[in-house]
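These notes concern the structure reproduced below.
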Amino acid sequence: YLPLSPNARDRLILHLPVFNIPCALAPNIGALLSCRFLCGFFASTALTLAGGAISDIWDNNERGFAIARFAAAPYGGPVLAPIVGGFVGETVGWRWMIWVNMVFAGVIATLLTLIPETYAPVILRRRAEKMREETG
């Protein structure tokens with residue numbers, strides 16, 4: 003999964019919210035635990051690729067602030083998750099916590115498709131291909 007990242011970069015390597023569906027439909031605790039493991043396994047790619055994308059976008063003087071803002075998400079999740087999960091679990095049931103998580107992940111994955119390519123060799127290759135098409 004991760005060795006594809008230098009070639010596919012951020013476009014194909016996304017945590018797809020579809021991996022949450024088996025968790026919400028799990029018939030027993032064994033299925034739930036194995037599905038949650040797969041969700042965590044595939045979601046970890048975003049944490050490993052983010053540093054490279056941040057270093058592609060920001061220069062050395064601004065990179066510290068960008069990393070700090072990115073790090074707020076992994077640290078903010080455990081703070082907000084019990085509040086949202088407790089409210090959702092008490093009102094509509096524990097399976098809906100996973101559906102709400104999937105909806106939120108789907109919105110974020112959709113927003114991630116709007117981010118342009120940041121990897122310099124890919125940008126240069128695309129620019130060269132475009133120039134070759136224009137000049138013949």
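Heads up: the sequence shown runs through residues 3 to 138, numbered per my numbering. Even for Gly, the Cβ is constructed at its ideal location relative to N, Cα and C.
Margin query: If we require 4 or more residues per run, which alpha helix (DSSP H) segments fall completely within the stretch 11-91?
Written below: 23-26 and 31-59, all fully within the stretch 11-91.
Item checked: Limits of the unbroken alpha helix (DSSP H) element including P118 -> Working through the sequence shown from its first residue, we reach residue 118 at position 116. Per DSSP, P118 lies in no alpha helix (DSSP H) and is assigned neither H nor E.
Notebook entry, point to check: Do the CB positions of A73 and W60 come within less than 8 angstroms of each other?
Noted result: As a working note, residue 73 is residue 71 in the sequence shown. As a working note, residue 60 is residue 58 in the sequence shown. With contacts defined as CB atoms closer than 8 angstroms, A73 and W60 fail to qualify as a contacting pair.
Next item on the list: Could you check the C-alpha separation between R65 and D58 for me, to the nearest Å?
Entry: Locating residue 65 in the sequence shown gives position 63, where the first residue counts as 1. Locating residue 58 in the sequence shown gives position 56, where the first residue counts as 1. In this structure, the CA atom of R65 is about 10 angstroms from the CA atom of D58.
Next item on the list: Can you give me the Cβ contacts of C25 inside the same chain, cut-off strictly under 8 angstroms, excluding the 5 residues immediately before and after it?
Entry: Walking along the sequence shown from the start, residue 25 turns up at place 23. Excluding its 5 nearest sequence neighbours in each direction, C25 has C-beta neighbours in its own chain below 8 angstroms: L34, C37, R38, C41 and I100, listed in chain order.
Note to self: Within the continuous alpha helix (DSSP H) that includes G108, where are the two ends?
What the structure shows: As a position in the sequence shown, residue 108 is number 106, starting the count at 1. From DSSP, the alpha helix (DSSP H) with G108 extends over W96 to L114.
Next item on the list: Work out the CA separation of T137 and A75 for me, nearest whole Å.
Entry: Within the sequence shown, residue 75 is the residue found at index 73, counting from 1. Within the sequence shown, residue 137 is the residue found at index 135, counting from 1. Between the alpha carbons of A75 and T137 lies a gap of roughly 45 angstroms.
Check: So I23 packs on M133, CB below 8 angstroms; how close in whole Å?
Finding: In the sequence shown, the residue the question calls residue 23 occupies position 21. In the sequence shown, the residue the question calls residue 133 occupies position 131. Not really, about 44 angstroms apart at Cβ, beyond 8 angstroms.
Note to self: Which residue wins for smallest C-alpha separation from A28, given the options T120, L126 and W98?
What the structure shows: By 1-based counting over the sequence shown, the position of residue 28 is 26. For A28, the nearest C-alpha among the options comes from W98.
Checklist line | Distance CB(V102)-CB(V90) smaller than 8 angstroms | finding: As a working mapping, residue 102 is identified with position 100 in the sequence shown. As a working mapping, residue 90 is identified with position 88 in the sequence shown. A contact, by the Cβ cut-off of 8 angstroms.
Notebook entry, point to check: Would S46 count as contacting chain D if we go by Cβ distances under 8 angstroms?
Noted result: Looking for chain D here will not work: only one protein chain is present.
Next item on the list: Note down the Cα distance separating A70 from I117, rounded to an integer number of angstroms.
Entry: If you number the sequence shown from 1, residue 70 lands on position 68. If you number the sequence shown from 1, residue 117 lands on position 115. Cα-Cα distance, rounded: 19 angstroms.
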